[in-house]
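Numbering that gives the first Met the number 0 numbers the first residue of the sequence shown as 0 and each following residue consecutively. All residues carry an ideal CB built from backbone N, CA and C; glycine is no exception. As structure tokens, the structure follows; a few thoughts come after it.
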Amino acid sequence: MVITLYYAPVTCAMVSWIMLNEVHAEFQTIDLNFRKKDHRKTEYLTINPLHKVPALVVNEKVLTENVAIIQWINATFPNEVVLPTNPWEHFKAISLLSWCSSGIHPFLTRMNNPKKIVGGSDNTDSVIQIATTEINECLQVADIMLGKKEFFFNNFSAVDVHFFWCCRRATQFGIALKRFRNVQRHFHFISQRQSVKKLLHYEASVIQKFETSQKA
Numbered sequence: 000m001v002i003t004l005y006y007a008p009v010t011c012a013m014v015s016w017i018m019l020n021e022v023h024a025e026f027q028t029i030d031l032n033f034r035k036k037d038h039r040k041t042e043y044l045t046i047n048p049l050h051k052v053p054a055l056v057v058n059e060k061v062l063t064e065n066v067a068i069i070q071w072i073n074a075t076f077p078n079e080v081v082l083p084t085n086p087w088e089h090f091k092a093i094s095l096l097s098w099c100s101s102g103i104h105p106f107l108t109r110m111n112n113p114k115k116i117v118g119g120s121d122n123t124d125s126v127i128q129i130a131t132t133e134i135n136e137c138l139q140v141a142d143i144m145l146g147k148k149e150f151f152f153n154n155f156s157a158v159d160v161h162f163f164w165c166c167r168r169a170t171q172f173g174i175a176l177k178r179f180r181n182v183q184r185h186f187h188f189i190s191q192r193q194s195v196k197k198l199l200h201y202e203a204s205v206i207q208k209f210e211t212s213q214k215a
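In structure tokens:
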């Protein structure tokens, strides 16, 4: 089985990258430089016409979206911990993954590129303000869900990784986690996993590679 993950630094593609490492999968990573519009080039559009990451290619078949990729990882590596095994908790985990993907992520996107939302106008303050409010509400909900637990469920799962990415991205836009003690604790706890440390090291190396090529 030949596995290739299309990835870009800082993006939510880190979720699939981390989970592939969690299950000890052998895979190749192809790094896309968004600043150079690699994701808009014909070569990548033939793989994912939606020009997003992650994209997982397995034996020349393409799967996109973290929620789907995580379920593929779970089915392909049944002896590893990806999603809860209890049927109800399993589907609850998929629900939470979907929440991270479609409930939190879109507001992070608005903060990342507010001008796109307002058609290039400089009047972006309201976009950022609304997105910040929505993200803080999501963090409050998650804070209650987590309580004093280390994970969202009894054990580690992909939900913890996806939510970690959401929190990390939020902090990069100036949102403080300290108001949400359980979320902050969870964020620091997940950041200490070997797979996450490995990703952060890899991400830094890719960013450095892109910066070096930019100067060349």
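Give me, in chain order, the residues of the same chain whose beta-carbon lies closer than 7 Å to that of residue i; leave out the 5 immediate sequence neighbours on both sides.
{"i": "L145", "result": "F151, N181, V182 and H185"}
{"i": "H89", "result": "L82 and P83"}
What's the C-alpha gap between residue i and residue j?
{"i": "G119", "j": "K147", "result": "43 Å"}
{"i": "F26", "j": "V1", "result": "7 Å"}
{"i": "K51", "j": "H38", "result": "7 Å"}
{"i": "R192", "j": "S212", "result": "31 Å"}
{"i": "L55", "j": "V126", "result": "32 Å"}
{"i": "F172", "j": "H200", "result": "21 Å"}
{"i": "F162", "j": "V14", "result": "9 Å"}
{"i": "D30", "j": "W87", "result": "36 Å"}
{"i": "N122", "j": "F33", "result": "25 Å"}
{"i": "I69", "j": "K214", "result": "36 Å"}
{"i": "C166", "j": "L107", "result": "10 Å"}
{"i": "R109", "j": "A12", "result": "18 Å"}
{"i": "A24", "j": "D124", "result": "43 Å"}
{"i": "Q128", "j": "A169", "result": "13 Å"}
{"i": "P113", "j": "N78", "result": "42 Å"}
Tell me which residue opens and which closes the alpha helix (DSSP H) that residue i is part of.
{"i": "T28", "result": "Unbroken run through T28 is the beta strand (DSSP E), Q27 to D30; no alpha helix (DSSP H)."}
{"i": "S212", "result": "Q193 to K214"}
{"i": "T84", "result": "It is not in any alpha helix (DSSP H) - T84 carries neither H nor E in the DSSP assignment."}
{"i": "N135", "result": "D124 to L145"}
{"i": "T108", "result": "H104 to N111"}
{"i": "V160", "result": "A157 to Q171"}
{"i": "V14", "result": "A12 to E21"}
{"i": "I69", "result": "N65 to T75"}
{"i": "R39", "result": "Taken as a continuous stretch (DSSP letters only), R39 belongs to no alpha helix (DSSP H), as it is neither H nor E."}
{"i": "F186", "result": "R180 to S190"}
Could you name the residues of the same chain whose beta carbon sits closer than 8 Å to that of residue i, not counting the 5 residues immediately before and after it, in chain order?
{"i": "F135", "result": "For clarity, residue 135 is Asn in the given sequence; the question names Phe instead. Counting only Cβ-Cβ distances below 8 Å, and skipping sequence neighbours, we find I174 and R178."}
{"i": "K208", "result": "D30"}
{"i": "D159", "result": "F150, F151, H185 and I189"}
{"i": "S156", "result": "V80, V81, L82, P83, A92 and F150"}
{"i": "L198", "result": "M13, W16, I17 and N20"}
Whose C-beta lies closer than 6 Å to the C-beta of residue i among residues of the same chain, with five residues either side of it excluded?
{"i": "V66", "result": "L96, S97 and S100"}
{"i": "S194", "result": "I17, N20 and E21"}
{"i": "T131", "result": "none"}
{"i": "V205", "result": "P8 and D30"}
{"i": "F76", "result": "V22"}
{"i": "P105", "result": "none"}
Considering only DSSP beta bridges, list what residue i is partnered with.
{"i": "K60", "result": "V57"}
{"i": "I2", "result": "V57"}
Under the rule that 16 or more other beta-carbon atoms within 10 Å means buried, what is residue i, buried or exposed?
{"i": "H103", "result": "It is worth fixing the name first, because residue 103 is Ile in this sequence and not His. So I103 counts as buried."}
{"i": "I143", "result": "exposed"}
{"i": "L138", "result": "buried"}
{"i": "P53", "result": "buried"}
{"i": "S190", "result": "exposed"}
{"i": "N153", "result": "exposed"}
{"i": "T45", "result": "exposed"}
{"i": "L49", "result": "exposed"}
{"i": "E202", "result": "buried"}
{"i": "N73", "result": "buried"}
{"i": "T10", "result": "buried"}
{"i": "E59", "result": "exposed"}
{"i": "N47", "result": "buried"}
Between residue i and chain C, is the shortest Cβ-Cβ distance under 8 Å, so that the two count as touching?
{"i": "A157", "result": "Here chain C cannot be found, since the structure has a single protein chain."}
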